[in-house]
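Under this note's numbering, think of the first position of the sequence shown as 48, with each following residue one higher.
Just so you know, even glycine gets a beta-carbon here, dropped at the ideal spot from N, CA and C.
Remember, it's a predicted structure, so these values are computed and weren't measured experimentally.
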Amino acid sequence: MEVIAHYLPQFHPIPENDQWWGKGFTEWTNVTNARPLFRGHVQPHLPADLGFYDLRVSEVREAQADLARRYGVTGFCYWHYWFAGRRLLERPFDEVLTSGRPDFPFCIAWANQSWSGIWHGAPNKVLIDQTYPGPADDLEHFSHLRRAFEDPRYMTIAGRPVLCIYQPGGLPDPAQFVERWQKMAHDAGLGGLYLVAGLEYNYHSHVKDGFDAAVYYRFPFEKNAATRARERLQARGIIRYPKRFPYLDAFVDPPTNLGGRVFPGVYPNWDNTPRSGRRGMVATGSTPERFSAHVRRGLELAAANPAAEQVLFIKSWNEWAEGNYLEPDTEYGLGRLESLASELSRARHFSLPS
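(1) Report the three-state DSSP secondary structure of Pro182 (helix, strand or coil).
(2) Note down the Cα distance separating Leu218 from Trp162, rounded to an integer number of angstroms.
(3) From Lys70, Ala355, Met231 and Pro311, pick the residue whose C-alpha is nearest to that of Pro267; which is it?
(4) Is the beta carbon of His59 less than 7 Å from the beta carbon of Asp376?
(5) Under a three-way DSSP split, which group does Thr320 fall into?
(6) Hey, would you say Ala297 sits closer than 7 Å to Gly119, going by beta carbons?
(7) Suppose the cutoff is 7 Å on Cβ atoms and the five residues either side in sequence are ignored; what does the same chain contact list for Leu136 look like?
(8) For Arg226, does the count of other Cβ atoms within 10 angstroms reach 16, so buried, or fall short, so exposed?
(9) Is it a yes or a no for the stretch 378-393 touching the stretch 328-346, going by three-plus beta-carbon pairs under 8 Å?
(10) Looking only at its own chain, which residues have a Cβ that is under 8 Å from the Cβ of Gln160, when we skip the five neighbours before and after it?
(11) Of the choices Arg194, Leu346 and Pro301, whose alpha-carbon is the least far from that of Glu142?
(12) Can you give me the start and stop residues for the beta strand (DSSP E) that Phe153 sits inside?
(13) With distance defined between alpha-carbon atoms, name the residue in Gly345, Ala81 and Arg134 nearest to Ile31.
(14) Cutting at 6 Å between CB atoms, please list the residues of its own chain near Arg117, excluding the five before and the five after it.
(15) Give the list of continuous beta strand (DSSP E) stretches no shorter than 3 residues that lie fully inside the stretch 126-154.
(16) Ala276 and Phe258 look like a contact to me (Cβ under 8 Å); what is the Cβ gap, rounded to whole Å?
(17) Between the Cα of Cys124 and those of Gly370, Asn365 and Ser392, spot the shortest distance and give me the residue it belongs to.
(18) In terms of alpha-carbon separation, which member of Ser392, Thr145, His191 and Ser363 lies closest to Trp228?
(19) Provide the residue(s) that pair with Ser163 in DSSP beta bridges, ordered along the chain.
(20) Buried or exposed, going by whether 16 or more other CB atoms sit within 10 Å of the CB of Pro182?
(21) What's the gap between the Cα of Gly87 and the Cα of Glu197?
(22) Once DSSP output is grouped into helix, strand and coil, what is the label at Arg325?
(23) Could you spell out the range, first to last residue, of the beta strand (DSSP E) harbouring Lys290?
(24) Determine whether the beta carbon atoms of Tyr294 and Ala330 lie at a separation below 7 Å.
(25) Using DSSP's beta-bridge definition, name the partner residues of Phe224.
(26) Please go through the same chain and pick out, in chain order, the residues whose beta-carbon is closer than 6 Å to the beta-carbon of His53, but skip the five residues on each side of it.
(27) Does DSSP classify Thr331 as helix, strand or coil?
(28) With a CB to CB cut of under 6 Å and the five nearest residues on each side skipped, what residues in its chain are close to Pro180?
(29) Report the residue from Gly306, Phe189, Ala156 and Leu174 whose alpha carbon sits nearest the alpha carbon of Val9.
(30) Tell me which residue opens and which closes the beta strand (DSSP E) that Glu49 is part of.
(31) Over what stretch of residues does the beta strand (DSSP E) that includes Arg275 continue unbroken?
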């Protein structure tokens, strides 16, 4: 069983963020500026064991990998930002690749979406647009990633490097993208790629488009009559509070009509008000115990796949300004990591269905 946690490299300053948001801006800026916006709203969420780290520091990256390994995470899936040849937030992963440290498995997810000002409360401000110039850009992009694909730490399924595409529906022609990238990977002697489509934003065509699998990112809440009524009042400007939904007691299974291989993706929590303020969404009542139930069902679903394709995605390892993270915080300490480890131990002991 592979337990892969998405990894955000936003915790170090870059010139673009200095220009857009002010000198020294990182994800911690939003995290520490967050405040409660309704009664019972827990903010700010603050880091415990690892502190307010800087991902340019190699010891931080080693400590993260050690912690992840200790509690059952088998690899990080680094978010990768490519805008027609321009990269952002690339330094932490580049240093992981160049140094060979930490000695911890990894794969890549292309976060193929435009950057807006949502990280600083300006969602309608486009900072950099995601474009798709065509085959020449694909070749340059693949050639850049090839070094990572060939790294011995790179995670594979069926002998092929795993590459996740966050918004496959945003590609001009997803099927053509798959065909082109598989050909480049075969020509490079990689035996192809194991391409995983993100199932968000109503994209349900991964089988038709030729992806090997999909990951079902399921928010840990769903709307009910009370939350829908609150949304209507928000739309009319009568109330100005974040959208609030109870964190579910259990993971909701993927729809049965998706077809093909589908990996479950569980969220430890959700609260993006540090980025979006009163326009954000909050899962209320999240606890490590409730997260355990999501992990348990996610492991059951993953174990139903063939042995070589049993994968659970966790979104995320360190998305602090979205409230979805496994890293220790001052509220629950190691609670979420301990819940993950406990469920993994339970699953192995009781032999999940295959």
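In terms of the structure at hand:
(1) Taking the first residue of the sequence shown as 1, we reach residue 182 at position 135. Residue state, collapsed to three classes: helix.
(2) The residue given as residue 218 occupies position 171 in the sequence shown. The residue given as residue 162 occupies position 115 in the sequence shown. C-alpha separation (whole angstroms): 16 Å.
(3) For the purposes of this step, residue 267 is taken as the residue at position 220 of the sequence shown. It is Pro311.
(4) Position 12 of the sequence shown, counting from 1, holds the residue named residue 59. Position 329 of the sequence shown, counting from 1, holds the residue named residue 376. It is not a contact, given that the beta carbons lie outside the stated cut-off.
(5) Indexing the sequence shown from 1 puts residue 320 at position 273. Reduced to three states, the DSSP call for Thr320 is helix.
(6) Start at 1 with the first residue of the sequence shown, and residue 297 comes out as number 250. Start at 1 with the first residue of the sequence shown, and residue 119 comes out as number 72. With contacts defined by Cβ atoms closer than 7 Å, Ala297 and Gly119 do not form a contacting pair.
(7) Taking the first residue of the sequence shown as position 1, residue 136 is located at position 89. Counting only Cβ-Cβ distances below 7 Å, and skipping sequence neighbours, we find Pro56, Gln57, Ile61 and Tyr128.
(8) Against the sequence shown, residue 226 aligns to sequence position 179. Per the sequence presented here, residue 226 reads as Glu, with Arg not at that position. With fewer than 16 other CB atoms across the displayed protein chains lying within 10 angstroms of its CB, Glu226 is exposed.
(9) Under the Cβ criterion (8 Å, minimum of three pairs), the stretch 378-393 counts as touching the stretch 328-346.
(10) Your numbering for residue 160 matches position 113 in the sequence shown. If we look at Gln160 and ignore the five residues flanking it on each side, its Cβ neighbours are Gln177, Tyr213, Gln214 and Gly217.
(11) As a first step, residue 142 is located in the sequence shown; it is residue number 95 there, counting from the start. With distances taken between Cα atoms, Glu142 lies closest to Arg194.
(12) By one-based count along the sequence shown, residue 153 stands at place 106. From DSSP, the beta strand (DSSP E) with Phe153 extends over Phe153 to Trp157.
(13) Lying before the first or after the last residue shown, residue 31 is absent from the chain, which here runs from 48 to 401.
(14) The residue you call residue 117 lines up with position 70 of the sequence shown. So the list is empty, once near-sequence residues are dropped.
(15) Unbroken beta strand (DSSP E) stretches of 3 residues or longer found wholly inside the stretch 126-154: 133-135, given in chain order.
(16) Counting from one through the sequence shown, the residue named residue 276 turns up at place 229. Counting from one through the sequence shown, the residue named residue 258 turns up at place 211. Cβ-Cβ separation between Ala276 and Phe258: approximately 38 Å, too far for a contact (criterion under 8 Å).
(17) On the sequence shown, residue 124 is found 77 positions in, with the first residue counted as 1. Considering only Gly370, Asn365 and Ser392, the residue with the shortest C-alpha distance to Cys124 is Asn365.
(18) Position 181 of the sequence shown holds residue 228. For the residues Ser392, Thr145, His191 and Ser363, the minimum Cα distance to Trp228 belongs to His191.
(19) In the sequence shown, the residue the question calls residue 163 occupies position 116. For Ser163, which the question treats as bridged, DSSP gives the partners Val173.
(20) If you number the sequence shown from 1, residue 182 lands on position 135. By the 10 Å Cβ count, Pro182 comes out exposed.
(21) For the purposes of this step, residue 87 is taken as residue 40 along the sequence shown, with counting starting at 1. For the purposes of this step, residue 197 is taken as residue 150 along the sequence shown, with counting starting at 1. C-alpha separation (whole angstroms): 48 Å.
(22) Taking the sequence shown and counting its residues from 1, the one referred to as residue 325 is at position 278. Here DSSP, grouped into helix, strand and coil, assigns Arg325 to helix.
(23) Mapped onto the sequence shown, residue 290 falls at position 243. Element bounds for Lys290: Lys290 to Pro293.
(24) As a working mapping, residue 294 is identified with position 247 in the sequence shown. As a working mapping, residue 330 is identified with position 283 in the sequence shown. Yes, these two residues count as a Cβ contact at 7 Å.
(25) The count along the sequence shown starts at 1 and reaches residue 224 at position 177. According to DSSP, Phe224 bridges with nothing at all.
(26) Residue numbering aside, residue 53 sits at position 6 when the sequence shown is read from its first letter. Closer than 6 Å at Cβ, skipping near neighbours: Cys124, Lys362 and Ser363.
(27) Counted from its first residue, the sequence shown places residue 331 at position 284. Three-state result, Thr331: strand.
(28) Here residue 180 refers to the residue found at position 133 of the sequence shown. Excluding sequence neighbours, Pro180 sits near Ala131.
(29) Missing from the structure shown is residue 9; the chain here goes from 48 to 401 and no further.
(30) Residue 49 sits at position 2 when you count from the first residue of the sequence shown. Where Glu49 is concerned, the enclosing beta strand (DSSP E) stretches over Glu49 to Tyr54.
(31) By one-based count along the sequence shown, residue 275 stands at place 228. First-last for Arg275: Ala272 to Ala282, but that is the alpha helix (DSSP H), not the beta strand (DSSP E).
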